[in-house]
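Visitor: Numbering (our numbering), first residue to last: 20 to 155.
C-beta atoms are modelled at their ideal positions from N, C-alpha and C, and glycine is treated no differently.
A quick note: this is a predicted structure, and the numbers were derived from the prediction, not measured.
1. Is DSSP giving residue 49 helix, strand or coil here?
2. Keeping to the same chain, check which residues put their C-beta closer than 8 Å to that of residue 107; ignore five residues upstream and five downstream.
3. Starting from residue 147, follow its DSSP beta bridges and name the residues at the other end.
4. Three Cβ pairs or more, each shorter than 8 Å: is that satisfied between the stretch 125-134 and the stretch 77-90?
5. If you reduce the DSSP assignment to three classes, tell me which class residue 181 lands in.
6. How about residue 114 and residue 128: are their beta carbons less than 8 Å apart?
7. Just the Cα atoms here: how many angstroms apart are residue 48 and residue 90?
8. Indicate whether residue 98 and residue 50 have their beta-carbon atoms separated by less than 8 Å.
9. Thinking C-alpha only, which one of 118, 101, 117 is nearest residue 58?
10. Just curious, the alpha helix (DSSP H) that residue 69 is in, first and last residue?
11. Considering only the alpha carbon of each residue, which of 150, 87, 65 lies closest to residue 125?
12. Where does residue 154 land, buried or exposed, given buried means 16+ other C-beta within 10 angstroms?
13. In three-state DSSP terms, what is residue 125?
14. What whole-angstrom Cβ distance do residue 33 and residue 44 have, given they're in contact under 8 Å?
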């Protein structure tokens, strides 16, 4: 797994407040890094525009993380995302966090479901989003 495997990349500083009592980045922060990459990916494929226009958008159904190496301070990470396994109303996202100091620090995945927020029901992925995912 390398940076080249990910079309969406976000550079983020590790802050002092990310550290826990053991002096390394708390496990919950990795999920925030994933979230930053996920939201950047959504912006690239037009989810924000879709959500504003139709109240249809993504919801995170599940997520997981494999912690490879602890992160410390100071450091800068690159949070990455790509989309795989596109279905009728859902897709998978693959994430990675690469540290300038230690390399691959974590990787994970998430299942995203399209939701009509006005009804609370799943809905098919709109054609324009499907096309943007393919172009990504």
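Guide: The relevant details are as follows:
1. Residue state for residue 49 is assigned as helix, using DSSP reduced to three classes.
2. 143, 144
3. Residue 147 pairs with nothing; no bridge assigned.
4. With a cut-off of 8 Å, the stretch 77-90 and the stretch 125-134 count as touching, because enough Cβ pairs lie within range.
5. This structure cannot settle anything about residue 181, because the visible part of the chain is limited to 20 through 155.
6. yes
7. 10 Å
8. no
9. 101
10. 66-73
11. 87
12. Counting the other Cβ atoms within 10 Å of the Cβ of residue 154 gives fewer than 16, which makes it exposed.
13. strand
14. About 6 Å separates the beta carbon of residue 33 from that of residue 44, a gap short enough to meet the 8 Å contact definition.
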